[in-house]
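Chemist: Counted from 1, the sequence shown has number 138 at position 138 by full-length UniProt numbering; the numbering is strictly sequential. Even for Gly, the Cβ is constructed at its ideal location relative to N, Cα and C. Shown below is the structure under consideration.
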Amino acid sequence: MTSWARSIGCAAFAALLTGCGMTTDKNADGPQGDSVNEENEGNSSQGGNDGNNNKVRLMEQNLQYTSNGKEIVKTAFLKRSDNQPFSLYVLQQFKLSAEEPGKDIIFLTEDDSIYMRIELLTADVNWDEVEENVHTQLKSHSKTIRDPALDIENGAGYEVESGDDVITSILLKDEKAPVRLTIFTKKDMDFRDAFLEMAKTLMKG
Numbered sequence: 001m002t003s004w005a006r007s008i009g010c011a012a013f014a015a016l017l018t019g020c021g022m023t024t025d026k027n028a029d030g031p032q033g034d035s036v037n038e039e040n041e042g043n044s045s046q047g048g049n050d051g052n053n054n055k056v057r058l059m060e061q062n063l064q065y066t067s068n069g070k071e072i073v074k075t076a077f078l079k080r081s082d083n084q085p086f087s088l089y090v091l092q093q094f095k096l097s098a099e100e101p102g103k104d105i106i107f108l109t110e111d112d113s114i115y116m117r118i119e120l121l122t123a124d125v126n127w128d129e130v131e132e133n134v135h136t137q138l139k140s141h142s143k144t145i146r147d148p149a150l151d152i153e154n155g156a157g158y159e160v161e162s163g164d165d166v167i168t169s170i171l172l173k174d175e176k177a178p179v180r181l182t183i184f185t186k187k188d189m190d191f192r193d194a195f196l197e198m199a200k201t202l203m204k205g
């Protein structure tokens, strides 16, 4: 073979090696991208995404509450309503369920007569009308309405007793997520604070 032919052959061989190297680099980038996507998917499965501000919430957290004079700490799990646009943390011994359009309940699994009704209100809610309605509802059980003495921030609470039954109405006057809560408990099964602590984790969206 002549010297010029050998030169052409070497040049072609070098070009082939360079092309192979470029192909290998591109393939190496692919799996790294897939790996990142898998990690992101994995992280998103670890929590819920709030629709309003894209805030990722952990799937569980501990809640502390008082029941019949005892301080209790238990794990609560993030749940999203399929009836109203909100999510909140529900303690493990309770369950979230739709009651009717515009109303959800969280009830004690071992006794569903112990429950809290959740109603999201509109941003332009007339609180005077709501409070009047609350008083009318409570007076149908008892004429004596009292303060429930619960830790209610930016809201109001009203309560009556009827035999062993305790009915508590709480209005959470949050501008972003105004809520009306109606809690049904018994004197010897005081889960009012547990319900309130769950309600405080409510996030609209």
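(1) Using the beta-carbon count (16 or more within 10 Å), is Asn37 buried or exposed?
(2) Since Thr144 is in the beta strand (DSSP E), which residue starts that stretch and which ends it?
(3) How long is the line joining the alpha carbons of Thr185 and Lys173, rounded to whole angstroms?
(4) Quick one: Cα of Ser113 to Cα of Lys187, how far?
(5) Please look up how many angstroms separate the CB atoms of Leu202 and Leu88, rounded, as I've assumed it's under 8 Å.
(6) Please report the straight-line C-alpha distance between Leu58 and Ala76, rounded to a whole angstrom.
(7) CA-CA distance, Val56 and Lys70?
(8) At the level of alpha carbons, what is the spacing between Glu129 and Leu171?
(9) Please name the residue, chosen from Glu100, Gln84, Gly163, Tyr115, that lies closest to Pro178 on a Cα-to-Cα basis.
(10) Met198 by DSSP, collapsed to three states: which one?
(11) Which residue or residues does DSSP assign as beta-bridge partners of Met59?
(12) Does the separation of the CB atoms of Leu108 and Gln93 fall below 8 Å?
Modeler: In brief:
(1) Reading the sequence shown from its first residue, position 37 is the one you call residue 37. Low confidence applies here, because Asn37 scores a pLDDT of 33, under 50, leaving its location unreliable and the question unanswered by this model.
(2) As a working note, residue 144 is residue 144 in the sequence shown. Under the DSSP assignment, Thr144 falls outside any beta strand (DSSP E); it carries neither an H nor an E label.
(3) Counting from one through the sequence shown, the residue named residue 185 turns up at place 185. Counting from one through the sequence shown, the residue named residue 173 turns up at place 173. Roughly 23 Å separates the two Cα atoms.
(4) For the purposes of this step, residue 113 is taken as the residue at position 113 of the sequence shown. For the purposes of this step, residue 187 is taken as the residue at position 187 of the sequence shown. Pairing Ser113 with Lys187, the inter-Cα distance amounts to about 13 Å.
(5) The sequence position of residue 202 within the sequence shown is 202, counting from 1. The sequence position of residue 88 within the sequence shown is 88, counting from 1. Confirmed, Cβ separation roughly 4 Å.
(6) Here residue 58 refers to the residue found at position 58 of the sequence shown. Here residue 76 refers to the residue found at position 76 of the sequence shown. So the alpha carbons of these two residues sit roughly 10 Å apart.
(7) Position 56 of the sequence shown, counting from 1, holds the residue named residue 56. Position 70 of the sequence shown, counting from 1, holds the residue named residue 70. As the crow flies, the alpha-carbon of Val56 is around 32 Å from that of Lys70.
(8) For this step, residue 129 is matched to residue 129 along the sequence shown. For this step, residue 171 is matched to residue 171 along the sequence shown. Spanning the two alpha carbons is a distance of roughly 12 Å.
(9) Here residue 178 refers to the residue found at position 178 of the sequence shown. When only C-alpha atoms are compared, the closest one is Gln84.
(10) Locating residue 198 in the sequence shown gives position 198, where the first residue counts as 1. Of the three classes helix, strand and coil, the one that applies to Met198 here is helix, per DSSP.
(11) Residue numbering aside, residue 59 sits at position 59 when the sequence shown is read from its first letter. DSSP, once it has assigned bridges, lists no residue as partnering Met59.
(12) Looking up residue 108 in the sequence shown gives position 108. Looking up residue 93 in the sequence shown gives position 93. The Cβ atoms of Leu108 and Gln93 sit closer than 8 Å to each other.
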